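Trainee:
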Amino acid sequence: MFLISIIQMFSVMIIMLNIKIKDAFRAIILLLLLLLSMVISIEISSIISIGEYIPTLALANISETNSVGWKIKLLPFLVFLSFMIASLILKRLIKEKKIRNIMVVVFLLSLLIPTSPINAFFSSSYEVYSEAKEYNMSPHEISDIKSKYTKEIVTNDSYSHEIINGNGKNILVIFIEGMSSLVISKELTPNLYEFRKKSISFNNYYNHTAATFRGLRGQLTSSYQMTGGYYKDNSGLGQASKVEIEHKLNTYNYITKLPIILEENGYHTYFQASNSIDAPLSLMLSTLKFNYIYGREDYNKKSGELTDKESFDLLFKKLNEAKQPFFYGVYTVGTHLGLDSPDVKFHDGRNEYLNHFHQLDHWFGDFISHFNKTSLSKDTIVIITSDHASYPSEDYKKTFKTDNTFFVDQIPLIIWSNGVEFKDINAHGLNSLSLTPTILDILGIKESHNMFIGESLFEKEKNKNELNCTSAIGDLYVKTCNGKMEIEKRKEKIELIKQLQLFGDR
Numbered sequence: 001m002f003l004i005s006i007i008q009m010f011s012v013m014i015i016m017l018n019i020k021i022k023d024a025f026r027a028i029i030l031l032l033l034l035l036l037s038m039v040i041s042i043e044i045s046s047i048i049s050i051g052e053y054i055p056t057l058a059l060a061n062i063s064e065t066n067s068v069g070w071k072i073k074l075l076p077f078l079v080f081l082s083f084m085i086a087s088l089i090l091k092r093l094i095k096e097k098k099i100r101n102i103m104v105v106v107f108l109l110s111l112l113i114p115t116s117p118i119n120a121f122f123s124s125s126y127e128v129y130s131e132a133k134e135y136n137m138s139p140h141e142i143s144d145i146k147s148k149y150t151k152e153i154v155t156n157d158s159y160s161h162e163i164i165n166g167n168g169k170n171i172l173v174i175f176i177e178g179m180s181s182l183v184i185s186k187e188l189t190p191n192l193y194e195f196r197k198k199s200i201s202f203n204n205y206y207n208h209t210a211a212t213f214r215g216l217r218g219q220l221t222s223s224y225q226m227t228g229g230y231y232k233d234n235s236g237l238g239q240a241s242k243v244e245i246e247h248k249l250n251t252y253n254y255i256t257k258l259p260i261i262l263e264e265n266g267y268h269t270y271f272q273a274s275n276s277i278d279a280p281l282s283l284m285l286s287t288l289k290f291n292y293i294y295g296r297e298d299y300n301k302k303s304g305e306l307t308d309k310e311s312f313d314l315l316f317k318k319l320n321e322a323k324q325p326f327f328y329g330v331y332t333v334g335t336h337l338g339l340d341s342p343d344v345k346f347h348d349g350r351n352e353y354l355n356h357f358h359q360l361d362h363w364f365g366d367f368i369s370h371f372n373k374t375s376l377s378k379d380t381i382v383i384i385t386s387d388h389a390s391y392p393s394e395d396y397k398k399t400f401k402t403d404n405t406f407f408v409d410q411i412p413l414i415i416w417s418n419g420v421e422f423k424d425i426n427a428h429g430l431n432s433l434s435l436t437p438t439i440l441d442i443l444g445i446k447e448s449h450n451m452f453i454g455e456s457l458f459e460k461e462k463n464k465n466e467l468n469c470t471s472a473i474g475d476l477y478v479k480t481c482n483g484k485m486e487i488e489k490r491k492e493k494i495e496l497i498k499q500l501q502l503f504g505d506r
């Protein structure tokens, strides 16, 4: 992979340096080669950063580049510059006039290799484009889904109030960016580790999708979602205007939104993102009908995104201003792939994965210590979870000693309430489609018109419909039923989930 990338890059560079612009045709060829060299630079940077070519899902979320560390953004340009300098030196050393012809042959032959960086990039781009194609659902299909999933009850036979009674209490949900359960340990994340020991914690609980756009909206509606951040035809949520996002996600109102049910039951609803309130992610969240959306503007930050320290500082301030009873969701971005800690380091500070998870834990610990001193702590249930699992890059797998290759993994679901006793509950492979029904169950909201795909994790008899234990990652479907991960290959099941993904977009 790396060797073919180097060969392809040098061949393109040498050809470029030997082109003399005499007419428009040669100028166009030079421009195309320049674009291809940038593509190869991006792929080489991806190999250096995560040990593989840039994944399809990363292309689908390219609009969220503000969440990526500056080192990752800078790397493609450094790679391009390094190869350009090396190629200039090579051109001076090798004055053979036939070198361009040789490189043309090498380049054309490299295109026959399926694993070459150019082929890999355009293959991933095509997958993103294919996923974003406009699918049409017939009125019959829409009607069938409505009749199959519409119901009036949230829980049927739950035991939640035997261990936690949340009737009328406030709810705070902290969505940590890309954190799998295996990250939590006594040494790396001591505050989360101790917090879990005083809470109800679920094991064998998985993310139902990725990445953040799908993960947050899907958990807050108990639904799948087809549309991601970025597509070749400019149909991604990350490329849409406020009007376009509202039109796409609010025209039909098929899915059931947690904030609406909570407001019907007397709750005030808030969500805090780390970016601007005008950023696509915040605009998407606003279509869920929260009473207030907070962002970096509320911290008087003019650019970039809130660090985890800033997010927790803003959270503490806004919680104390919130009208009760409230639901407050917050998404922290400091543990995003490619970000290093801007402040707190772990041990020698050489590993950015260890650094950014450790700093998240540090600022969470700082927040919770202040929170516990307020009267809010007596009437507020705190839930810790993630928008999706950690992306299994090569460095991540080495750091946390895992061989998992799926963007699906166990994620934390930790539920704390004042006076609750520790309990470790097996979710039996159910996924984050269960979050919204579980929250409503805890609050004692047992009945409400809904189209939830998931169900409360406190149900005594869990309905294994193989949807709330199937994760949709792009066009890959992974079953986690009973805690065992395997690829879903049944066409009828895949088609059903695709329909639900499209339905969820509406």
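The opening residue of the sequence shown carries number 1 in UniProt numbering; numbering runs sequentially from there.
We put the beta carbon where it would ideally sit given N, CA and C, even for glycine.
Small disclaimer: the values here were computed from a predicted structure and weren't measured.
Is the stretch 481-488 in contact with the stretch 418-433, if contact means three or more CB pairs nearer than 8 Å?
Mentor: With a cut-off of 8 Å, the stretch 418-433 and the stretch 481-488 count as touching, because enough Cβ pairs lie within range.
Trainee: Is the stretch 142-158 in contact with the stretch 439-455, if contact means three or more CB pairs nearer than 8 Å?
Mentor: Segments in contact, yes.
Trainee: How is the alpha helix (DSSP H) around Val420 delimited, first residue to last?
Mentor: Per DSSP, Val420 belongs to no alpha helix (DSSP H) and is neither H nor E.
Trainee: With the cut-off set at 8 Å, would you say Gly444 and Asn167 are in Cβ contact?
Mentor: In this structure, Asn167 lies closer than 8 Å to Gly444 by Cβ.
Trainee: Per DSSP, what kind of secondary structure is Gln219 in: helix, strand or coil?
Mentor: DSSP places Gln219 in helix when its eight states are reduced to three.
Trainee: Given Val344, which residues of its chain have a CB within under 7 Å of its CB, disregarding the five upstream and five downstream residues?
Mentor: Once the five neighbours on either side are set aside, the close Cβ partners of Val344 are His358, Gln359, His362.
Trainee: State the DSSP-derived secondary structure class of His208, mapped to helix, strand or coil.
Mentor: DSSP places His208 in coil when its eight states are reduced to three.
Trainee: Tell me where the alpha helix (DSSP H) around Thr189 begins and ends.
Mentor: It is not in any alpha helix (DSSP H) - Thr189 carries neither H nor E in the DSSP assignment.
Trainee: Out of Val478, Val106, Leu457, which one is the CA nearest neighbour of Phe406?
Mentor: Of the candidates Val478, Val106, Leu457, the one whose C-alpha sits nearest the C-alpha of Phe406 is Val478.
Trainee: Just verifying my parser: in three-state terms, what is the DSSP assignment at Leu249?
Mentor: Correct three-state label for Leu249: helix.
Trainee: Return the CA-CA distance between Leu75 and Ser45, expressed in angstroms with no decimal places.
Mentor: Roughly 6 Å separates the two Cα atoms.
Trainee: Let's see if you can read the secondary structure: which residues bound the alpha helix (DSSP H) around Ser369?
Mentor: Note, Ser369: alpha helix (DSSP H), 352-371.
Trainee: In angstroms with no decimal places, state the Cα-to-Cα distance between Ile163 and Phe290.
Mentor: For Ile163 and Phe290, the distance between alpha carbons rounds to 29 Å.
Trainee: Please name the residue, chosen from Asp23, Ser11, Lys22, Tyr53, that lies closest to Leu34 on a Cα-to-Cα basis.
Mentor: The shortest C-alpha separation from Leu34 is found at Ser11.
Trainee: With respect to the beta strand (DSSP E) encompassing Thr402, which residues constitute its N-terminal and C-terminal limits?
Mentor: Looking at the DSSP string, Thr402 is not in any beta strand (DSSP E), and its letter there is neither H nor E.
Trainee: Of the residues Pro259, Leu376, Phe202, which one's Cα is nearest the Cα of Phe422?
Mentor: Taking only the C-alpha atoms, the option nearest Phe422 is Phe202.
Trainee: Which runs of the alpha helix (DSSP H) fall wholly inside the stretch 72-111 and span at least 4 residues, in chain order?
Mentor: Fully enclosed alpha helix (DSSP H) runs of 4 or longer: 99-110.
Trainee: How far does the alpha helix (DSSP H) with Ile453 in it reach, from first residue to last?
Mentor: Careful: Ile453 lies outside any alpha helix (DSSP H) and carries neither H nor E.
Trainee: Tell me whether Phe80, by its Cβ, gets closer than 7 Å to a heavy atom of the ligand FMN.
Mentor: Annotation note on the ligand FMN: not contained in the displayed structure, which lists no ligands.
Trainee: Of all the options Val104, Ile47, Arg26, which has the alpha carbon lying nearest to the alpha carbon of Glu394?
Mentor: Here the closest residue by C-alpha is Ile47.
Trainee: Asp144 to Phe503, Cα distance in whole Å?
Mentor: Using only the alpha carbons, I get a separation of about 11 Å.
Trainee: Does the stretch 384-394 come within contact of the stretch 174-181, defined as at least 3 CB pairs closer than 8 Å?
Mentor: Touching, per the Cβ criterion.
Trainee: Do you know offhand how far Met13's Cα is from Thr399's?
Mentor: Each residue's alpha carbon lies about 35 Å from the other.
Trainee: Quick one: is residue 514 buried, meaning 16 or more other Cβ sit within 10 Å of its Cβ, or exposed?
Mentor: Lying outside 1 to 506, the shown extent of the chain, residue 514 is not represented and no answer is given.
Trainee: Give the secondary structure of Thr436 by DSSP, where H, G and I count as helix, E and B as strand, and everything else as coil.
Mentor: Correct three-state label for Thr436: helix.
Trainee: I'd like to check one pair, Ser434 with Ser456: are the Cβ atoms closer than 8 Å?
Mentor: Yes, Cβ-Cβ distance for Ser456 and Ser434 is below 8 Å.
Trainee: Using 10 angstroms around the beta-carbon of Pro114, count the other beta-carbons present and answer buried if the total reaches 16, otherwise exposed.
Mentor: The residue in question, Pro114, is exposed, as its Cβ has fewer than 16 Cβ neighbours within 10 Å.
Trainee: Opposite Tyr331 in the DSSP bridges: which residues?
Mentor: DSSP output for Tyr331 lists Phe175 as bridge partner(s).
Trainee: Hey, would you say Pro280 sits closer than 8 Å to Ala322, going by beta carbons?
Mentor: No, the pair does not count as a contact, with Cβ atoms beyond the cut-off.
Trainee: I'd like to know whether the C-beta atoms of Leu354 and Leu188 end up nearer to each other than 8 Å.
Mentor: In contact: Leu354 and Leu188 (Cβ atoms closer than 8 Å).
Trainee: Give the DSSP-derived three-state secondary structure of Lys302 in the structure shown.
Mentor: Note: Lys302 maps to coil in three-state DSSP.
Trainee: From Arg92 to Ile15, what distance separates their C-alpha atoms?
Mentor: Rounded to whole angstroms, Arg92 to Ile15 spans 14 Å at the Cα level.
Trainee: Are at least three pairs of beta-carbons, each pair with one atom in the stretch 259-267 and one in the stretch 311-321, less than 8 Å apart?
Mentor: The stretch 259-267, when compared against the stretch 311-321, does not touch it at the 8 Å Cβ threshold.
Trainee: Please work out which residues of its chain come closer than 6 Å, Cβ to Cβ, to Gly329, disregarding the five sequence neighbours upstream and downstream, and give them in chain order.
Mentor: Correct list, in chain order: Val173, Phe271.
Trainee: I'd like the list of long-range same chain contacts for Gly454, defined as Cβ closer than 6 Å, with 5 residues on each side in sequence excluded.
Mentor: The answer, listed in chain order, is Ser222, Leu433, Ser434, Pro437, Asn468.
Trainee: Return the CA-CA distance between Asp441 and Ser158, expressed in angstroms with no decimal places.
Mentor: So the alpha carbons of these two residues sit roughly 8 Å apart.
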